[in-house]
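Numbering (the numbering used here), first residue to last: 115 to 472.
Report on the following structure.
Quick look at the structure:
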């Protein structure tokens, strides 16, 4: 098959959607499929990466500092390329990205199937009322239209599938996020090693993590907190550093498994998440998870993973930590972890495409 991905962002840009698409591209090319990626960046260029042909076009302009908008020439390029290069399926990701609409329009004009993978579980939330209002209007118009016009819609969690139906009345097929299999050396879980990983932005939960660690220390608990991630509020966070609270900032993706090994991941995000692969990374490295209600957490807990879901408060997080201390649940078995790897998910994606084309 020849699969074309029309996406706003692609590595070296870093983010959940980028990692998802990149993992699929690597799996597909390794499996012998032909893959093309059309994305946005600063300069126009064509290159071959990970076995795929990658076309980058300059952004026409940037909306709200959040995402780039392509020029009309990009849609024309997509139409021409799809028509002449034997593209079988177009894959687009997330309803509010302009490259989703571009890929959708180009593919439908040539009667080529479109698989839309949705990553968002709610309307975009922002501290800017203008951005939030604009994003809501986009969802109600172009976002809804892109979901309804797709040949098939995939959702990375149950919460995302519920949102897709709420917005468009389209039933999405579950297509969970996944991780690359990272071998974990034998290691026991340190119940006093508390971890936070994520963007250091409002709503992601870094303040709650700081308050949690400081509160436990004040009670005489020998906990150590480590925060990993970069972002606009990193300098604010550094003001809280102490002998029991360490701020690492951003680290390379390849360093994440070791950083998450043998502790307790605390995930107090209030943002509209899709399916955070950080949960899977932590479980694969013999860590437990204490989290606010987020997509995928309930599914993992029901499957026997050491995941505790708490109310959205620092007190709730503290209760969850103490629950783990009391019960010390077993690690998530490696055999069960296999279903959450990109080997399994990539095979599922190929199966979905073959069924679509048949």
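Glycine included, each C-beta is placed from N, C-alpha and C at the ideal position.
In this text the structure is predicted, and so the values were computed from the model without any measurement.
Which value, in whole angstroms, describes the spacing of the CA atoms of residue i and residue j?
i: residue 348; j: residue 316; result: 11 Å
i: residue 433; j: residue 327; result: 13 Å
i: residue 305; j: residue 227; result: 49 Å
i: residue 196; j: residue 168; result: 14 Å
i: residue 444; j: residue 122; result: 40 Å
i: residue 207; j: residue 335; result: 44 Å
i: residue 387; j: residue 458; result: 22 Å
i: residue 172; j: residue 126; result: 15 Å
i: residue 149; j: residue 143; result: 6 Å
i: residue 462; j: residue 138; result: 10 Å
i: residue 161; j: residue 214; result: 21 Å
i: residue 163; j: residue 270; result: 25 Å
i: residue 301; j: residue 401; result: 10 Å
i: residue 472; j: residue 286; result: 19 Å
i: residue 416; j: residue 470; result: 31 Å
i: residue 282; j: residue 385; result: 21 Å
i: residue 370; j: residue 223; result: 42 Å
Are the CB atoms of residue i and residue j nearer to each other than 7 Å?
i: residue 324; j: residue 358; result: no
i: residue 397; j: residue 446; result: yes
i: residue 267; j: residue 252; result: no
i: residue 406; j: residue 367; result: no
i: residue 308; j: residue 337; result: yes
i: residue 421; j: residue 429; result: no
i: residue 116; j: residue 201; result: yes
Over the uninterrupted beta strand (DSSP E) stretch that includes residue i, give me the two end residues.
i: residue 160; result: 159-163
i: residue 120; result: 116-120
i: residue 148; result: 148-155
i: residue 381; result: 378-381
i: residue 360; result: 359-363
i: residue 217; result: Residue 217 -> not in any beta strand (DSSP E); alpha helix (DSSP H) instead, spanning 212-223.
i: residue 296; result: Segment: none, residue 296 is in no beta strand (DSSP E) and carries neither H nor E.
Which term fits residue i, buried or exposed, when burial requires 16 or more other beta carbons within 10 angstroms of its beta carbon?
i: residue 456; result: buried
i: residue 363; result: exposed
i: residue 175; result: exposed
i: residue 128; result: exposed
i: residue 260; result: buried
i: residue 136; result: buried
i: residue 218; result: buried
i: residue 273; result: buried
i: residue 342; result: buried
i: residue 241; result: exposed
i: residue 59; result: With the chain represented from 115 up to 472, any question about residue 59 goes unanswered, as that position is not in the structure.
Since residue i is in the alpha helix (DSSP H), which residue starts that stretch and which ends it?
i: residue 412; result: 411-416
i: residue 463; result: 456-471
i: residue 172; result: That residue, residue 172, is in no alpha helix (DSSP H); its beta strand (DSSP E) goes 166-172.
i: residue 397; result: 391-398
i: residue 441; result: 428-441
Let me check one thing: in DSSP terms, what residues is residue i bridge-paired to?
i: residue 307; result: 338
i: residue 269; result: 232, 288
i: residue 405; result: 381, 423
i: residue 479; result: Since the first and last residues shown for the chain are 115 and 472, residue 479 lies out of range.
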